[in-house]
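Working notes, structure below.
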Amino acid sequence: MKQKTIAIIGGGPAGLSAAEVLSATGHAVSVYDAMPTFARKFLLAGKSGLNITHSEDFGRFATRFGDANASLRTALDAFTPADIRAWAAGLGTETFVGSSGRVFPNAMKASPLLRAWLARLESAGVSFFPRHRWVGFTDEGHAFETPDGRKVISCAATQFALGGASYPRLGSDAAWVPLFVGRGITIAPFQPANCGFDVAWSDLFRRFAGQPLKSVTATSRAGTFPGEFVITRHGIEGSLIYAHSAALRDDLRQHGQATLSIDLAPGRTLERLSRDLARQGAKSSFSNRLRKGAGIDGAKVALLRELLPEANRYDPQELAAAIKALPVPLLRPRPIAEAISSAGGITFAEIDETYMLKRLPGVFVAGEMLDWEAPTGGYLLTACFATGRAAAKGLDAWLGRR
4 MKQKTIAIIG
14 GGPAGLSAAE
24 VLSATGHAVS
34 VYDAMPTFAR
44 KFLLAGKSGL
54 NITHSEDFGR
64 FATRFGDANA
74 SLRTALDAFT
84 PADIRAWAAG
94 LGTETFVGSS
104 GRVFPNAMKA
114 SPLLRAWLAR
124 LESAGVSFFP
134 RHRWVGFTDE
144 GHAFETPDGR
154 KVISCAATQF
164 ALGGASYPRL
174 GSDAAWVPLF
184 VGRGITIAPF
194 QPANCGFDVA
204 WSDLFRRFAG
214 QPLKSVTATS
224 RAGTFPGEFV
234 ITRHGIEGSL
244 IYAHSAALRD
254 DLRQHGQATL
264 SIDLAPGRTL
274 ERLSRDLARQ
284 GAKSSFSNRL
294 RKGAGIDGAK
304 VALLRELLPE
314 ANRYDPQELA
324 AAIKALPVPL
334 LRPRPIAEAI
344 SSAGGITFAE
354 IDETYMLKRL
364 PGVFVAGEML
374 DWEAPTGGYL
384 LTACFATGRA
394 AAKGLDAWLG
404 RR
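Each position in the sequence shown, counted from 1, maps to that position plus 3 in this note's numbering.
This is the structure in structure tokens:
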């Protein structure tokens, strides 16, 4: 078989996964990235432990991608969370399952895994070109801005993995969008995913910025989940908020408003709270009544006061109801540049079952460039790995038919 040149544009997890598959095909594989080093967002994720995948039952795992569940299923079936753990072990990175079911490297770092991965790809003949910013299609192939000026490369096939629109300082800036739109590709607008929200806090309450609210539950259209979140100067953020972010974001977009309901005392029933609050002496301060009758204090009491200024005048039943379902009115999602990930991208109607763009034969796309989103918990990385590999297999098959 005659060797052909393959360009992978984007050096994050989806692009590197593609390089791994394609480096075994006998073709010449080159990876281009705008940044000075590769997989910068992957490294940033590793600073907090690198949640690489999730251990839950795969049947449940595969339903975590919302409207894209069916579109992603074949790719996920071909590279499951168990496969990811075996792959990491093959690179010298053993993993463990945390108490939440999330999977982490034993070393709790991304850098050793990435170094081993890049070294293995280099030994397989993959060429790497950092500081190569893709700036468009040309008649010859692709144009790049480089430290040495404009450069045009030609190739037999291309796989794009340029990411979404979150963390633009790390390379995922969605600058590619108008260039694809110019080729007639339909792209759903990017929106923040796994993000915080703005709330109209008073200046007095902002002094609680940075305070966590632990052992609470939150309810939205997405359901009811336990966890914790953090008060910020602008509003709220944290893992519990991220679990609701897609539903809340969509409610704000569609209806102009969204409210998150917080249970400040999930371990106590409404009846017990009403009874215990009624036992508190009328001369006790509001804070003492809440501490003794409801087991809440600190930032929880401050949040109750902030959102319901007249709560100290409520009777025990009204106060108990407020504690069990405290409404937090949201203004807007935080900017997409702050979001952990993004929703939106190239619609699945634009690609065939091999991840090739129907309008651009020989051009494949993967990762966060596509219109899907996932909750935190290792789902995002897993789908990036899986779609990168699926698109690479599609590319190899397409070349084989040429």
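Even for Gly, the Cβ is constructed at its ideal location relative to N, Cα and C.
* Asked: Within 10 angstroms of its Cβ, does residue 257 collect 16 or more other Cβ (buried), or is it exposed?
  -> As a working mapping, residue 257 is identified with position 254 in the sequence shown. Its Cβ having fewer than 16 others within 10 Å, residue 257 is exposed.
* First through last residue of the beta strand (DSSP E) which encompasses residue 265 -> By one-based count along the sequence shown, residue 265 stands at place 262. That run of the beta strand (DSSP E) goes 261-266.
* Give the range of the beta strand (DSSP E) segment to which residue 202 is assigned. => For the purposes of this step, residue 202 is taken as the residue at position 199 of the sequence shown. Looking at the DSSP string, residue 202 is not in any beta strand (DSSP E), and its letter there is neither H nor E.
* Asked: Just curious, the alpha helix (DSSP H) that residue 97 is in, first and last residue?
  -> Here residue 97 is taken as the residue at index 94 of the sequence shown, counted from 1. Run containing residue 97: none; DSSP gives neither H nor E here.
* Report all residues from its chain with a CB closer than 6 Å to the CB of residue 223; omit the five preceding and five following residues, and keep chain order. => Stepping through the sequence shown from its first residue, residue 223 is reached at position 220. Only 247, 250, 251, 263 meet the Cβ criterion.
* To do: Within the same chain, show all residues whose beta-carbon is closer than 8 Å to that of residue 77, passing over the 5 residues directly before and after it, in chain order.
  => Taking the first residue of the sequence shown as position 1, residue 77 is located at position 74. Only 356, 393 meet the Cβ criterion.
* Kindly provide the ranges of any alpha helix (DSSP H) runs that are 4 or more residues long and lie completely inside the segment 28-112, ordered along the chain. => 43-49, 61-64, 72-81, 84-93
* Asked: Where does residue 373 fall in DSSP's three states?
  -> The residue labelled residue 373 in the question sits at position 370 within the sequence shown. In this structure, residue 373 counts as strand in the three-state DSSP scheme.
* **Neighbourhood of residue 295 by C-beta, 7 Å cutoff - its chain only, sequence neighbours within 5 removed** => The count along the sequence shown starts at 1 and reaches residue 295 at position 292. Answer for residue 295: 283, listed in chain order.
* Enclosing beta strand (DSSP E) for residue 137 [first to last residue] -> Here residue 137 corresponds to residue number 134 of the sequence shown, with the count starting at 1. Where residue 137 is concerned, the enclosing beta strand (DSSP E) stretches over 136-140.
* Fully enclosed by the segment 274-355, which beta strand (DSSP E) runs are 3 residues long or longer? -> 329-333, 344-349
* Asked: Quick one, are the C-beta atoms of residue 239 and residue 200 less than 8 Å apart?
  -> Along the sequence shown, read from residue 1 onward, the residue named residue 239 stands at position 236. Along the sequence shown, read from residue 1 onward, the residue named residue 200 stands at position 197. Yes, they are a contact pair.
* **residue 49 versus residue 42: straight-line alpha-carbon distance, rounded** => What you label residue 49 is simply residue 46 of the sequence shown in a count that begins at 1. What you label residue 42 is simply residue 39 of the sequence shown in a count that begins at 1. The alpha-carbon atoms of residue 49 and residue 42 are separated by roughly 11 Å.
* Cα-Cα separation between residue 291 and residue 265, rounded to whole angstroms -> Taking the first residue of the sequence shown as position 1, residue 291 is located at position 288. Taking the first residue of the sequence shown as position 1, residue 265 is located at position 262. Cα-Cα distance, rounded: 21 Å.
* Which residues does DSSP pair with residue 233 in a beta bridge? -> Counting from 1 along the sequence shown, the entry for residue 233 is found at position 230. Looking at the DSSP assignment, residue 233 forms a beta bridge with 215, 240.
* Asked: Taking contact to mean at least 3 C-beta pairs separated by less than 8 Å, is the segment 337-355 in contact with the segment 367-387?
  -> yes
* Output the distance between the C-alpha atoms of residue 390 and residue 132, rounded to the nearest integer angstrom. => Counted from its first residue, the sequence shown places residue 390 at position 387. Counted from its first residue, the sequence shown places residue 132 at position 129. If you take the alpha carbons of residue 390 and residue 132, they lie about 22 Å apart.
* What does a CB cutoff of less than 6 Å around residue 327 pick up in its chain, not counting 5 residues either side in sequence? -> Residue mapping note: residue 327 aligns to position 324 of the sequence shown, counting from 1. If we look at residue 327 and ignore the five residues flanking it on each side, its Cβ neighbours are 266, 273.
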